[in-house]
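The next block holds one structure in the form of C-alpha cells; read it before the comments.
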Amino acid sequence: MKKIAIMGSGNGSNFEAIVKYFAQKPEMEVDITCLTDDVNAYILTRAKNLGVKYKYLPFEQNGAYFAVNNFDLIVLAGYMRILPEDVLNLGKFINIHPSLLPAFKGKDAIHRAFDAGVKVSGVTIHHVTSDLDGGKIIAQYPVLIGNLTHFDEFEAEIHNLEHKLYPIVIEKLLKDEVFDFSDLLGGCSGNCSGCH
Ligand code: GRF
C-alpha cells in the first residue's frame, strides 16, 4: 500500500484526475488523503463526492502534521503557498506547473505564456524546493500554439495534458520507475510501424 497526500488550495481538477486514475488500478493500492489550506476550496467538495479522506490543514500546521504523518509522496496540485525547507524535509514533494519551466514561473503562467506569443508551451512536473517552481524537473510535455489558436483552446489543452501526465508520473515515482514519453503515448512498444 502506497500512501500519498494531495495538497490543493483551489479547484482540484488534478486531484480528481489522480483519484480516478488510481481507482482504475486497484492492484496499485494507493491510499489518498486530500489536504487543503482553504476551507472553501472546491477540492474539498470533490474529495467528499469522490469518497476520499480529506483534512483542512492550515499552512502553519504543515510542519506538525508531516512530522507525524508519513507519506510515500506528497503531491502539490494547485497549492498556492511556498513551503519552507523545514516542511519540505519531512517528505518527498512534487508539483505540477502549467508551463515549460524554467519559463513562466509563478501565477497565471498559462495566460502569460499565451500573451508572450510563445509557440511551444506545456506542462512540467518537478521536485519542490523553497525556490518558487525551481526544483529539479521530473517530466515535461509540450503543447504547440498555432497562430490561430484561441486562448481557451490552449488553456483546455494544457489542463487535459496535466490530467493525463500527473497520474502517470505519480505512478512511476511510486513504483520507482523512470518516466518516458512513450508512457504518455499509450505505452507504445516501438514495434508498430505507425510512429517510426
Ligand atoms: C494547475 O494548472 C496546476 O498546473 C497549477 O495550478 C492549477 C491547479 O488546478 N499549479 P486544479 O486545482 O488542479 O484544477
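According to the working numbering, the sequence shown holds residues 28 to 223 in order.
Here a beta-carbon is modelled for each residue, glycine too, at the ideal position from N, C-alpha and C.
Problem set entry | Close beta carbons around residue 162, own chain, < 7 Å, minus the five adjacent residues each side | On the sequence shown, position 135 is the one that residue 162 refers to. For residue 162, where only same-chain residues beyond five positions count, the Cβ hits under 7 Å are 153, 154, 155 and 156.
For this session: Indicate whether the contact test is met: 3 or more Cβ pairs, each with one atom in the segment 50 to 63 and one in the segment 71 to 88, closer than 8 Å.
Result: yes
Problem set entry | Own chain partners of residue 91 with C-beta closer than 7 Å, once the 5 adjacent residues on each side are dropped | Here residue 91 is taken as the residue at index 64 of the sequence shown, counted from 1. Excluding positions up to five away in sequence, the list is empty.
Exercise. My guess is that residue 40 and residue 177 are in contact by the Cβ rule of under 8 Å, so how many angstroms apart are they, rounded?
Worked result: For the purposes of this step, residue 40 is taken as residue 13 along the sequence shown, with counting starting at 1. For the purposes of this step, residue 177 is taken as residue 150 along the sequence shown, with counting starting at 1. Incorrect: roughly 20 Å between the Cβ atoms, too far for contact.
Problem set entry | Integer-rounded CB distance, given that residue 105 should sit under 8 Å from residue 38 | As a first step, residue 38 is located in the sequence shown; it is residue number 11 there, counting from the start. As a first step, residue 105 is located in the sequence shown; it is residue number 78 there, counting from the start. Right, their Cβ atoms sit about 6 Å apart.
Problem set entry | Residues of its chain near residue 173, where Cβ-Cβ distance is below 7 Å and the 5 sequence neighbours each way are ignored | Within the sequence shown, numbered from 1, the residue matching residue 173 stands at position 146. Excluding sequence neighbours, residue 173 sits near nothing in its chain.
Problem set entry | DSSP state of residue 194 mapped onto helix, strand, coil | As a first step, residue 194 is located in the sequence shown; it is residue number 167 there, counting from the start. In this structure, residue 194 counts as helix in the three-state DSSP scheme.
For this session: My understanding is that residue 81 touches residue 66, with C-beta atoms under 8 Å, so please give their C-beta distance in whole angstroms.
Result: In the sequence shown, the residue the question calls residue 81 occupies position 54. In the sequence shown, the residue the question calls residue 66 occupies position 39. Incorrect: roughly 11 Å between the Cβ atoms, too far for contact.
Exercise. Just reading off the alpha helix (DSSP H) that residue 122 is part of, what are its end residues?
Worked result: For the purposes of this step, residue 122 is taken as residue 95 along the sequence shown, with counting starting at 1. Counting along the chain, residue 122 falls outside any alpha helix (DSSP H), though it belongs to the beta strand (DSSP E) covering 120 to 124.
Exercise. What span of residues does the alpha helix (DSSP H) with residue 211 cover, start to end?
Worked result: Along the sequence shown, one-based indexing puts residue 211 at 184. Note, residue 211: alpha helix (DSSP H), 208 to 211.
Exercise. Rounded to the nearest angstrom, how far is the Cβ of residue 127 from that of residue 167, given a contact under 8 Å?
Worked result: As a working note, residue 127 is residue 100 in the sequence shown. As a working note, residue 167 is residue 140 in the sequence shown. Here residue 127 really is in contact with residue 167; their C-beta atoms are around 6 Å apart, less than 8 Å.
For this session: Report the option in 100, 98, 73 and 68 whose CA atom is closest to the CA atom of residue 85.
Result: As a position in the sequence shown, residue 85 is number 58, starting the count at 1. Taking only the C-alpha atoms, the option nearest residue 85 is 68.
Exercise. How is the beta strand (DSSP E) around residue 150 delimited, first residue to last?
Worked result: To locate residue 150, count along the sequence shown from 1; it is residue 123. Per DSSP, residue 150 belongs to the beta strand (DSSP E) from 147 to 154.
For this session: Please confirm whether any heavy atom of the ligand GRF lies closer than 6 Å to the CB of residue 96.
Result: By 1-based counting over the sequence shown, the position of residue 96 is 69. Not under cutoff, so the answer is no.
For this session: Please state whether DSSP places residue 202 in a helix, a strand or coil.
Result: Taking the first residue of the sequence shown as 1, we reach residue 202 at position 175. Looking at residue 202 - three-state DSSP - the assignment turns out to be coil, as it is neither helix nor strand.
Exercise. Quick one: what's got a C-beta closer than 6 Å to residue 34's C-beta in the same chain, skipping five residues either side?
Worked result: By 1-based counting over the sequence shown, the position of residue 34 is 7. So the list reads 62, 103 and 106, once near-sequence residues are dropped.
Exercise. Excluding five sequence neighbours on each side, which residues of the same chain lie with their C-beta closer than 8 Å to the C-beta of residue 169?
Worked result: Here residue 169 is taken as the residue at index 142 of the sequence shown, counted from 1. Answer for residue 169: 127, 147, 148 and 149, listed in chain order.
For this session: Just grab the DSSP bridge partners of residue 34 for me.
Result: Within the sequence shown, the letter at position 7 stands for residue 34. Per DSSP, 62 and 103.
For this session: Kindly indicate which residue of 197, 144 and 184 has the alpha-carbon position closest to the one of residue 123.
Result: Numbered from 1 along the sequence shown, position 96 holds the residue referred to as residue 123. It is 197 whose Cα lies nearest to the Cα of residue 123.
Exercise. Apart from the five residues on each side of it in sequence, which residues of its chain come closer than 6 Å, Cβ to Cβ, to residue 101?
Worked result: Within the sequence shown, the letter at position 74 stands for residue 101. So the list reads 32, 118 and 120, once near-sequence residues are dropped.
For this session: Pull up the CB-CB distance for residue 211 and residue 195, whole angstroms please, since I reckon it's below 8 Å.
Result: For the purposes of this step, residue 211 is taken as residue 184 along the sequence shown, with counting starting at 1. For the purposes of this step, residue 195 is taken as residue 168 along the sequence shown, with counting starting at 1. Confirmed, about 6 Å.
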